[in-house]
Every structure is written in structure tokens, then in C-alpha cells.
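Read in the working numbering, the sequence shown has 314 at position 314, and its numbers run on one by one without any break.
From the three backbone atoms N, C-alpha and C, an ideal C-beta is built for every residue, glycine too.
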Amino acid sequence: MSAWLGATLVAFVLIIVLLIIKQLFWNPRLKSVKNKHVVITGGSSGIGKCVAIIAARHGANVTIIARDVQKLEAAKNEILHACENKDVQRVEYLSLDIGANYENVEKALADLEKTMGPIYMLVNCAGIAICSKIEDTTPDSLNKMIHINLLGTYYCIKAVTQRMKASREGVIVLTSSAAAFLGIFGYSAYCSTKFALRGLAESIAMELRPYNISVTLSLPPDTDTPGFAIEELSKPLETKLISQTSKLVNPDVVADKLFKDALAGKFFSFIGLDGFILATLCSGMSPFKSISELLLQALLMGLLRIVSAFYLICFDKIILNCITTRDKNKKSE
Ligand SMILES: *[C@@H]1O[C@H](CO)[C@@H](O)[C@H](O)[C@H]1NC(C)=O
Ligand SMILES: *[C@@H]1O[C@H](CO)[C@@H](O)[C@H](O)[C@H]1NC(C)=O
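Following this line, the structure appears as C-alpha cells:
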């Protein structure tokens with residue numbers, strides 16, 4: 001009896017190891033962006049600019065969208081330098097507030113396609129993060145995040161899908177956050193918008209698959225960008241301590257992974273072991289790309305749920321400690 005149990009256990013572990021090896025080392029055929037038009041929102045800095053540079057290296061015509069013309073101009077020059085073949089590739093920018101008004105976005109993207117060609121790949125990177133406890137969150141910062149993170153992404157995708165569907169090809173990327181897998185202290189507004197992007201991504205993935213359009217949801221952890229530096233300024237201590245449990249990654253690492261996963265047609269694009277654990281644990285009813293991915297998720301989900309409990313308990317302890325320390329400091333004042 002115990003021999004059977006042992007054998008079953010060994011087989012179970014073996015299957016998981018094999019599945020992980022396959023996921024890690026089996027390279028699916030990637031789509032190509034060569035001679036195609038790639039549009040990146042939030043393309044003047046951070047992850048967006050890195051994606052634009054990678055697309056240029058792969059021979060695409062690139063348009064970056066952001067608001068600040070000076071930053072766009074500077075980023076455009078950087079991207080031009082990265083072009084595989086400067087004689088045939090084009091790099092343009094568009095100064096646009098994507099979250100303000102749908103009609104504006106629709107017209108701007110339609111005009112852009114007339115001058116730069118049909119959009120093959122749309123990468124939504126524009127986003128902001130402002131941290132604070134819910135009682136300290138101003139309606140203004142909540143509004144900003146809803147407009148840029150959610151509405152901006154929704155508007156841009158809505159504006160391009162009809163033409164993408166007609167051409168029977170396309171790649172859409174939404175940049176969410178690892179904070180779309182779990183709510184985190186201090187992120188009530190930010191998490192709300194990033195969770196929403198997951199709902200958006202799952203819905204359109206189902207709508208667009210029959211038209212040969214793939215949808216990828218990028219879920220980066222804290223990334224070392226100009227936006228992150230600003231976010232740090234407003235972060236409550238609890239949020240900082242919780243965030244420190246995972247390490248800061250470089251934007252080019254996130255961009256590289258996002259680009260590969262999108263061209264491989266994967267739904268989730270995550271970074272590192274933490275990302276793998278969260279994506280597996282939270283895969284729920286999300287789309288899957290292969291049977292091996294599905295099996296791995298199914299086999300590991302229950303186990304990882306137990307692991308998640310340790311993290312949650314640890315986070316609760318951090319928060320309680322902060323409250324106790326603050327109370328002590330108040331009394332001694
Ligand atoms: C990219 O730009 C070049 C130069 O203007 C143009 O010839 C080519 O058709 C463009 N490609 C696409 C896909 O728009
Ligand atoms: C689907 O799109 C890819 C490019 O993304 C293209 O190479 C392929 O031919 C398309 N397949 C169909 C059936 O249209």
C-alpha cells in the first residue's frame with residue numbers, strides 16, 4: 001500500500017517537473033513584426049519605451065503615444081537608433097490623452113493608420129500608480145487612474161479592433177500588474193483599475209480569437225521606471241514593506257518578456273518565480289494556450305493555495321506591526 005502511495009507521489013512530482021521543463025524550454029513559433037506597424041501607448045518612457053525599442057530592433061514601423069511632446073521627441077530618437085534598417089523603417093509619435101475622450105482617440109488612431117499603415121500590434125503600456133489608504137485616496141487620483149489605466153486602454157483597443165478583425169490578424173497587449181492577482185494594502189484604487197484590465201483582456205480574448213487576434217495580459221511586479229519613482233513618494237509604510245517581499249525588476253526585462261509572450265500568443269505574461277506562482281494560483285477561468293500549461297495549473301493550484309496562506313499571514317503581521325508601532329509613538333509624544 002505505501003509502495004503504491006510512494007510511486008504515485010514520485011509520478012506526480014515527475015509529471016510536474018516535466019511540465020515545468022516543457023513550459024520553460026519549449027519555444028513556440030513566434031509571430032513576426034517585421035514590416036508591420038506596432039503602436040505603443042505610454043511609449044515615451046518606462047516599459048512602453050523599452051517595448052518600442054524592441055519592436056524597432058525587430059524591423060517594425062513604430063508609433064509611440066503619450067502626452068508630453070518633449071519626452072516623445074526624445075524617445076523617438078532613441079527608438080530610431082534601434083531600428084534594424086533605418087532606410088525602410090519609420091518611427092512616429094502621437095501626442096494624445098488616451099483616457100479623456102473616445103471620439104478623439106478613435107479619430108487619432110484612424111488617421112494614424114492612414115499615414116503609417118494598418119496597426120498589427122497594439123501594446124497598451126500607459127498607466128499610472130498612486131498609492132494611499134482608501135480614506136486618503138482623493139477622488140482626483142482615483143479618477144486619473146480610472147481614466148488612464150482603464151478607459152485609455154479600453155478606448156485604444158475599441159478604436160482598432162474593427163480594422164484588425166477585418167484583416168484577420170493582430171496582437172493586443174494590455175499592461176496590468178502583479179497587483180491584478182491580489183489586492184494589496186494602499187492599492188485600493190490602482191488594484192481596482194488593474195483587476196478591471198484582466199476582465200477586459202479575458203473578454204476580448206474570447207471575442208477576438210476567431211479572428212486570429214491574440215490578447216496578452218502583462219502582469220509585471222514593481223518595475224524600476226520613472227512612474228515607479230513617483231509612486232514611491234506616496235506609498236504608505238505598509239505598502240513599502242509588503243512590496244519589499246519581491247524584488248524590483250528592470251523595464252527592459254518586462255518589455256522583453258511581454259514582447260515574446262505576445263508574439264507566442266500567450267495570455268499571461270509574468271516575470272520570474274513569483275509571477276509564475278501567482279499566475280498559476282490565479283489562473284481560474286483564464287484562457288490557456290496548451291494542454292501542458294493547463295495540466296501544470298491544475299496540478300499546482302491546490303498546493304499553491306496553501307503557500308499563499310503563509311504570504312497572507314505575513315502581510316497581515318506587517319500591517320499589525322505598523323499599527324502597533326504608530327500607537328506606541330503617539331503615546332510617547
Ligand atoms: C513602414 O514604413 C515604410 C516607409 O514609409 C513603408 O514603405 C512601409 O509600407 C511601412 N510598413 C507598414 C506595415 O506600414
Ligand atoms: C493569423 O495571423 C498571422 C500573423 O499574426 C498570420 O501569419 C496567419 O496567416 C494568420 N492566419 C490566418 C488563418 O489568417
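Which runs of the alpha helix (DSSP H) spanning at least 4 residues fall entirely within the stretch 63 to 92, listed in chain order?
Listed in chain order, the complete alpha helix (DSSP H) runs (minimum 4 residues) inside the stretch 63 to 92 are 69 to 82.
Please classify Asn77 as buried or exposed, where buried requires at least 16 neighbouring CB atoms within 10 angstroms.
If you number the sequence shown from 1, residue 77 lands on position 77. Exposed, since its Cβ has fewer than 16 Cβ neighbours within 10 Å.
Our contact map puts Ser218 next to Val254 with C-beta atoms below 8 Å; I'd like the distance itself, whole angstroms only.
In the sequence shown, counting from the first residue as 1, residue 218 sits at position 218. In the sequence shown, counting from the first residue as 1, residue 254 sits at position 254. Correct: roughly 7 Å between the Cβ atoms.
For the stretch 38 to 56 against the stretch 120 to 138, are there 3 or more C-beta pairs whose distance is under 8 Å?
In short, these stretches touch, since the Cβ pair count reaches three.
For the beta strand (DSSP E) holding Thr175, just list the boundary residues, first then last.
As a working note, residue 175 is residue 175 in the sequence shown. 170 to 175 is the span of the beta strand (DSSP E), which, as asked, contains Thr175.
Could you give the DSSP three-state label for Thr115: helix, strand or coil?
Locating residue 115 in the sequence shown gives position 115, counting from the first residue. In this structure, Thr115 counts as helix in the three-state DSSP scheme.
Run through the stretch 238 to 303 for me and flag every whole alpha helix (DSSP H) of 4 or more residues, listed as ranges in chain order.
Taking only runs of at least 4 residues, the alpha helix (DSSP H) segments lying wholly in the stretch 238 to 303 are 251 to 264, 272 to 281.
Have a look at Ser292, Ile318, Thr324, Ile319 and flag the residue whose alpha-carbon is nearest the alpha-carbon of Ile21.
One-based indexing of the sequence shown puts residue 21 at position 21. If we check each option's Cα against that of Ile21, Ser292 comes out closest.
Under DSSP, the alpha helix (DSSP H) around Leu142 begins and ends at which residues?
Walking along the sequence shown from the start, residue 142 turns up at place 142. That run of the alpha helix (DSSP H) goes 139 to 145.
Taking 6 Å as the cut-off, is the beta-carbon of His58 closer than that to any non-hydrogen atom of ligand 1?
To locate residue 58, count along the sequence shown from 1; it is residue 58. Because no heavy atom of ligand 1 lies under 6 Å away, the Cβ of His58 does not count as near it: no.
Say yes only if the C-beta of Lys144 is nearer than 6 Å to one or more non-hydrogen atoms of ligand 2, and no if none qualify.
Working through the sequence shown from its first residue, we reach residue 144 at position 144. False, no ligand heavy atom lies under 6 Å from that Cβ.
For the structure I just gave you, are there three or more beta carbon pairs, one from the stretch 240 to 249 and one from the stretch 27 to 40, closer than 8 Å?
Taking 8 Å as the limit for Cβ pairs, the verdict is that the stretch 27 to 40 does not touch the stretch 240 to 249.
Can you give the Cα-Cα distance for Lys86 and Gly99, rounded to whole angstroms?
Walking along the sequence shown from the start, residue 86 turns up at place 86. Walking along the sequence shown from the start, residue 99 turns up at place 99. Rounded to the nearest angstrom, the two C-alpha atoms are 32 Å apart.
If you check the beta carbons only, do Asp97 and Arg67 fall under 7 Å apart?
Position 97 of the sequence shown, counted from the start, is the residue given in the question as residue 97. Position 67 of the sequence shown, counted from the start, is the residue given in the question as residue 67. Yes. Within cutoff.
Please list the terminal residues of the continuous beta strand (DSSP E) segment that includes Ile213.
Taking the sequence shown and counting its residues from 1, the one referred to as residue 213 is at position 213. From DSSP, the beta strand (DSSP E) with Ile213 extends over 213 to 218.
Can you tell me whether Glu135 is buried or exposed, with buried defined as 16 or more other CB within 10 angstroms of its CB?
On the sequence shown, position 135 is the one that residue 135 refers to. By the 10 Å Cβ count, Glu135 comes out exposed.
Under the three-state reduction of DSSP, which class applies to Leu94: helix, strand or coil?
As a working mapping, residue 94 is identified with position 94 in the sequence shown. DSSP places Leu94 in strand when its eight states are reduced to three.
In the DSSP assignment, the beta strand (DSSP E) including Ile53 goes from what residue to what residue?
As a working note, residue 53 is residue 53 in the sequence shown. Premise fails: Ile53 lies in the alpha helix (DSSP H), 46 to 57, not in any beta strand (DSSP E).
Enumerate in chain order the residues of its own chain whose CB-to-CB distance from Ile204 is below 6 Å, with the five nearest sequence positions on each side excluded.
On the sequence shown, position 204 is the one that residue 204 refers to. Correct list, in chain order: Val215.
Within 6 Å: the Cβ of Arg168 and any heavy atom of ligand 2?
Locating residue 168 in the sequence shown gives position 168, where the first residue counts as 1. For ligand 2, at least one heavy atom lies less than 6 Å from the Cβ of Arg168.
Ordered along the chain, which non-local residues of its own chain (more than five positions away) have a Cβ less than 7 Å from that of Arg168?
The count along the sequence shown starts at 1 and reaches residue 168 at position 168. Tyr211, Asn212.
Closer than 7 Å by C-beta to Val13: which residues in its own chain qualify, once you throw out the five before and the five after it? Chain order, please.
Along the sequence shown, one-based indexing puts residue 13 at 13. Contacts found: none.
Specify, as a first and last residue, the run of the beta strand (DSSP E) that Thr41 falls within.
Position 41 of the sequence shown, counting from 1, holds the residue named residue 41. 37 to 41 is the extent of the beta strand (DSSP E) around Thr41.
Can you tell me the Cβ-Cβ gap for His58 and Lys31, rounded? I've got them flagged as a contact below 8 Å.
Walking along the sequence shown from the start, residue 58 turns up at place 58. Walking along the sequence shown from the start, residue 31 turns up at place 31. So it is not a contact: roughly 10 Å between Cβ atoms.
Using a Cβ-Cβ cutoff of less than 8 Å, which residues in the same chain neighbour Val17 once the five nearest sequence positions on both sides are dropped?
What you label residue 17 is simply residue 17 of the sequence shown in a count that begins at 1. Same-chain partners within the cutoff: there are none.
Determine the contact status of Ala179 and Tyr187, defining contact as a CB-CB distance below 7 Å.
Numbered from 1 along the sequence shown, position 179 holds the residue referred to as residue 179. Numbered from 1 along the sequence shown, position 187 holds the residue referred to as residue 187. Their beta carbons are under 7 Å apart, which means Ala179 touches Tyr187 by this criterion.
Please list the terminal residues of the continuous alpha helix (DSSP H) segment that includes Tyr187.
For the purposes of this step, residue 187 is taken as the residue at position 187 of the sequence shown. No alpha helix (DSSP H) contains Tyr187, which DSSP labels as neither H nor E.
Following a CB-centred definition, is Lys31 positioned closer than 6 Å to any heavy atom of ligand 2?
Locating residue 31 in the sequence shown gives position 31, where the first residue counts as 1. It does: the Cβ of Lys31 is within 6 Å (strictly closer) of some heavy atom of ligand 2.
Contact defined as beta carbons within less than 8 Å: I believe Leu296 pairs with Gln23. What is the distance between those atoms, to the nearest angstrom?
As a first step, residue 296 must be located in the sequence shown, where it is residue number 296. As a first step, residue 23 must be located in the sequence shown, where it is residue number 23. Correct: roughly 6 Å between the Cβ atoms.
Using a threshold of 7 Å, state whether the C-beta atoms of Ile172 and Ile157 are closer than that.
The sequence position of residue 172 within the sequence shown is 172, counting from 1. The sequence position of residue 157 within the sequence shown is 157, counting from 1. The answer is yes: Cβ separation under 7 Å.
Which residues does DSSP list as the beta-bridge partners of Met121?
The sequence position of residue 121 within the sequence shown is 121, counting from 1. For Met121, which the question treats as bridged, DSSP gives the partners Val38, Val171.
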